[in-house]
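*Asks:*
In the UniProt record's numbering, the protein residues as written are 1 to 1074.
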């Protein structure tokens, strides 16, 4: 352990020792080794030369042996007769330990050494003091720094200055506590701070500032130096923060490690670092104090290894800020500090740097994210939210606003919150309003921090350039609120006073009537007209009402019974009704408002063979009665929902054209999306879009721009007038070109049919297959039968003795009524939660019901009316193609006959000597027009597809009708879509209730697990006083910095968080898979 304590001081001993001292040490080592008196003697010079101690000559006087270090050898010093007495030796050794400034454990280890070793330590330290040169004194280095401050060593002088300052760093690291105290008292710390300040003026001065930072590190390795740094009003920390801006990676690492170490030592150090970062904004020229840290985290250094080291140091500092000092015991402060970092894009940088192949950096990232998750869960639990809101998304504005609305519901603060949102709506999102948004953010931050300032001193968080005093602001607001309250109270009291005056006047009038001898009838009349509940006389009207009710009850008793109601099927005789064997409850219960299937329709349905009466043996009827007792009133919670509307404005640009301007504009938009020339479009239309050059959606758009007869006339007139179609606008030109195609509209419709037929057929077939599978799944699933039997038994138990009790089956629409029955003592839970609990406990195989009936969700989106219409549309489409094919063939035949006649005329003209006469054969070129070929080929395959659809459609109808009949439904009263929707909603509610219960269970287990872990782990360091550095000497600052750089300092916390979140993540993963 001695070797570990003083290993870093050996360089100073080698520098300061003379040849004589080395020979004296070698001689002493040989004697000690031979006598077996001291072990590991080679460690003593490093230990002794690490300190400076003046041994009192009184020891020599008491022993009558004056030691001369120039003439006495080590062997003479270790002679037993030359050793001082035990008391003097222990006293001198205790003084030496004070110079060491070690922990109690290390001091005890040194006290356990032998007398000879202790005496040799004292003598060697005295020799070290005598050999201290003038250049190693405090005064020398103070003068040296003063000269450098007056004339900064730039250029060639920088290397010499760096070497001399490095020697100072070695002295500060190896000399005794008295040397450091003397150095600080002479103003050495102020000189170092001033030197760093001057270095920040030029980035090229990093070579000189690096040894200065090493000097500060050596100073802070002692309790005296740390105390001096913090008592320097954070000026030293302020310029250490500024050193992060140097381009040299070693400067950044050293500055970051010093700041991290100070953060973790005490609350005072943590607050000092935060103040330093707040003030250092001026140095960096940034608008936020952590902006430079995040820029450095995202920046690549000159060498890759330096990049990883700097990133580790930055994440270590950020985690230290969030894990120590005030952040350690204040959740509010921790959240505010983390939000400030996240606002600058920290999470995006972490996501970008993930998978960096550096385990230490990954641990820092994981620690930051898990601490954030833990804090957000803790804060969420403090919001008194229900179990469904445990996975609170702090990045979702909708969820946050909904939570605030729920929190402020039925409170006086709600109108103010709505007013704030209304004012925010008036702000725009452009660059001019960004400063206003930032100002609003700063105001809210400071107000919230000052409201929670009981936990911490908010002044360390707030920038001096922007301060709000909440006390002064609240005084004016409280005065206004008090005035409003007094005004309201005054109005209430004034109203009560007027009522009391009316009572007094009325009583005085009654008293006057009595005194004048008024009759009792008059008094009764006055009493009847009085509405005051405090009247001393009772109104006779109550007696009359009582008598009337008694007479009515007498009449009702003697009245004959009313005739029986006719049955639902028009029969006068009632059939014998079979009763269910349902246990009776001692307490009144809530009812399920379900629709009961008549008993005569039960045979042949799923309800016929359900063994619901046997379910009562598995149910805890006492718990069921207590949970759903009707003695307590239910509270209806109305959820406020907001409807947002989005409006768009379309700007119109007028185009000069012979057609309508709006139609021309829309046509131009369509052509710009099509990105084809008129010639290409016409060619694609003639070959029936065989190569699919025109997209399917564009064909549908082109159908909207079929040229009308009037438009064709206008276009032809314009072209004829100017003898060229090039003068037409793009939209007009397009309409003109397509109008030259024979039967253009019908051709385009045929192309659309060919392009969309297969897709529509596949969708139709898919819809029918989904209904087939869903019908089969519902009819054959045994787990569903068990669940329905359980619901039927519980419902009959709750509805016993009521009009909808004794049910043998219920309609599918009644499944939703299960969620309407709330717990008597838990308004956030309903009967379905209870059913899920019973299922998980008694029938665990039913839990996977949602997975088995997953196809029901798809079937709920299939409408049989739409299926029938789609099928008819496909049939009519093929019929349209067949008709158009006949017409096109007829046109081709007519064209061929006309062309034969024209060719005979042309041959006759050639015989007469006239040549080169061109006559168009047809408007649709025979070579390009592929209508007949494409449509004929398409019809050959589509007819087979339509025939298969016909067979599947028949199966679809039969399967759906059988399923409806099996569940007791009337296919004339309910559609398949509604039937499957009822089941999909029920299954969805079942899964939601199950997830809620699982989340509650996980949360309870997490709380128990965290409580157990916190009990097993060491207690966190509590709030420390300002004299922490004076009292706590157990901190080895050098080891602390190494632990921060390696990430070892956070290992315990990281392991605790991993253990806390590992099990919950596994359960979430299993839940998502299921």
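All C-beta atoms in this analysis are idealised placements derived from N, C-alpha and C, irrespective of residue type, glycine included.
Keep in mind the model is a prediction, meaning the values are calculated, not measured.
1) In the DSSP output, what is residue 810 paired with across the bridge?
2) Assuming residue 867 and residue 959 are in contact, meaning their beta carbons sit under 8 Å apart, how far apart are those beta carbons, in whole angstroms?
3) Under three-state DSSP, which class holds residue 822?
4) Just reading off the alpha helix (DSSP H) that residue 207 is part of, what are its end residues?
5) Specify the secondary structure class of residue 186 as computed by DSSP and reduced to three states.
6) What span of residues does the alpha helix (DSSP H) with residue 416 cover, start to end?
7) Would you mind stating whether residue 809 and residue 607 have Cβ atoms separated by less than 8 Å?
8) Are residue 324 and residue 1045 closer than 8 Å when you measure CB to CB?
9) In whole angstroms, give me the CA-to-CA distance for residue 592 and residue 817.
10) Where do the N-terminal and C-terminal ends of the alpha helix (DSSP H) with residue 749 fall, by residue?
11) Starting from the Cα of residue 999, find the closest Cα among 738, 267, 833 and 692 and give me that residue.
12) I'd like the span of the alpha helix (DSSP H) that includes residue 973, first residue to last.
13) Take residue 211 and list the residues in its own chain whose beta-carbon comes closer than 6 Å to its own, dropping the five residues that flank it on each side.
14) Going by beta-carbon coordinates alone, are residue 964 and residue 983 separated by less than 8 Å?
15) When burial is assigned at 16 or more other CB atoms within 10 Å of the CB, is residue 24 buried or exposed?
16) Identify every residue that forms a DSSP beta bridge with residue 830.
17) Among 495, 271 and 286, which one has its Cα closest to the Cα of residue 242?
18) By Cβ distance, which residues of its chain are closer than 6 Å to residue 119, with the 5 residues on each side in sequence left out?
19) Express the C-alpha separation of residue 254 and residue 1038 in angstroms, rounding to a whole number.
20) If you measure between the beta carbons of residue 356 and residue 348, is that distance less than 8 Å?
21) Do residue 839 and residue 830 have their beta-carbon atoms positioned less than 8 Å apart in this structure?
22) Between the beta-carbon of residue 595 and the beta-carbon of residue 813, is there less than 8 Å?
23) I'd like to know whether the C-beta atoms of residue 145 and residue 191 end up nearer to each other than 8 Å.
24) From which residue to which residue does the alpha helix (DSSP H) around residue 395 run?
25) To the nearest angstrom, report how far apart residue 946 and residue 874 are at their CA atoms.
26) Which residue wins for smallest C-alpha separation from residue 221, given the options 365, 200, 173 and 182?
27) For residue 1057, which option in 216, 371 and 186 has the closest C-alpha, if you only look at C-alpha atoms?
28) Tell me whether residue 928 sits in a helix, a strand or coil according to DSSP, three-state version.
29) Taking 8 Å as the threshold (C-beta atoms), are residue 791 and residue 624 in contact?
30) Specify, as a first and last residue, the run of the alpha helix (DSSP H) that residue 379 falls within.
31) Report the rounded CA-to-CA distance for residue 246 versus residue 1053, giving the unit in angstroms.
32) Exposed or buried, what is residue 709 when buried is set at 16 or more other beta-carbons lying within 10 Å of its beta-carbon?
33) Quick one: Cα of residue 583 to Cα of residue 610, how far?
34) DSSP three-state label for residue 629, please.
35) Who are the Cβ neighbours of residue 711 in its own chain at under 7 Å, not counting the five residues just before and after it?
36) Does the stretch 746–754 come close enough to the stretch 763–780 to have 3 or more Cβ pairs within less than 8 Å?
*Replies:* Checking against the coordinates, here is how it stands:
1) In DSSP, residue 810 forms a bridge with 596.
2) At roughly 13 Å, the Cβ-Cβ gap does not stay under 8 Å, so residue 867 and residue 959 are not in contact.
3) Reduced to three states, the DSSP call for residue 822 is strand.
4) Where residue 207 is concerned, the enclosing alpha helix (DSSP H) stretches over 206–220.
5) Note: residue 186 maps to coil in three-state DSSP.
6) Where residue 416 is concerned, the enclosing alpha helix (DSSP H) stretches over 414–425.
7) Against a cut-off of 8 Å, the Cβ pair of residue 607 and residue 809 comes out as a contact.
8) Cβ distance not < 8 Å, so residue 324 and residue 1045 don't count as in contact.
9) The straight-line gap from Cα to Cα measures roughly 6 Å.
10) Where residue 749 is concerned, the enclosing alpha helix (DSSP H) stretches over 744–780.
11) The shortest Cα separation from residue 999 among 738, 267, 833 and 692 belongs to 833.
12) Premise fails: residue 973 is in no alpha helix (DSSP H) and is neither H nor E.
13) Excluding the 5 residues flanking it on each side, residue 211 has same chain C-beta neighbours closer than 6 Å at 162, 165, 166 and 169, in chain order.
14) No.
15) Because residue 24 sits at a pLDDT of 37, beneath the cut-off of 50, its placement in the model cannot be relied upon, and the following sentence gives the value as read from the coordinates. Looking at its Cβ environment, which holds 16 or more other Cβ atoms inside 10 Å, residue 24 is buried.
16) Residue pairing by DSSP places residue 830 opposite 822 in a beta bridge.
17) Residue 242 has its Cα closest to that of 286, out of 495, 271 and 286.
18) 83, listed in sequence order.
19) In this structure, the straight-line span from the alpha carbon of residue 1038 to that of residue 254 is close to 12 Å.
20) It is not a contact, given that the beta carbons lie outside the stated cut-off.
21) Taking 8 Å as the cut-off, the Cβ atoms of residue 830 and residue 839 do not count as close.
22) In contact: residue 595 and residue 813 (Cβ atoms closer than 8 Å).
23) Cβ distance < 8 Å, so residue 145 and residue 191 count as in contact.
24) Taken as a continuous stretch (DSSP letters only), residue 395 belongs to no alpha helix (DSSP H), as it is neither H nor E.
25) A direct Cα-Cα distance of roughly 8 Å separates residue 946 from residue 874.
26) When only C-alpha atoms are compared, the closest one is 173.
27) Residue 371 is the option with its Cα nearest to residue 1057.
28) The answer is coil: DSSP assigns residue 928 none of H, G, I, E or B.
29) In this structure, residue 624 lies away from residue 791, with their beta-carbon atoms at least 8 Å apart.
30) The continuous alpha helix (DSSP H) containing residue 379 extends over residues 359–381.
31) Taking the straight line from one Cα to the other gives about 32 Å.
32) Classification for residue 709: exposed.
33) Residue 583 and residue 610: Cα-Cα distance of roughly 17 Å.
34) Here residue 629 sits in strand by DSSP.
35) Excluding sequence neighbours, residue 711 sits near 659 and 735.
36) By the Cβ criterion, the stretch 746–754 is not in contact with the stretch 763–780, since fewer than three pairs of Cβ atoms, one from each stretch, lie closer than 8 Å.
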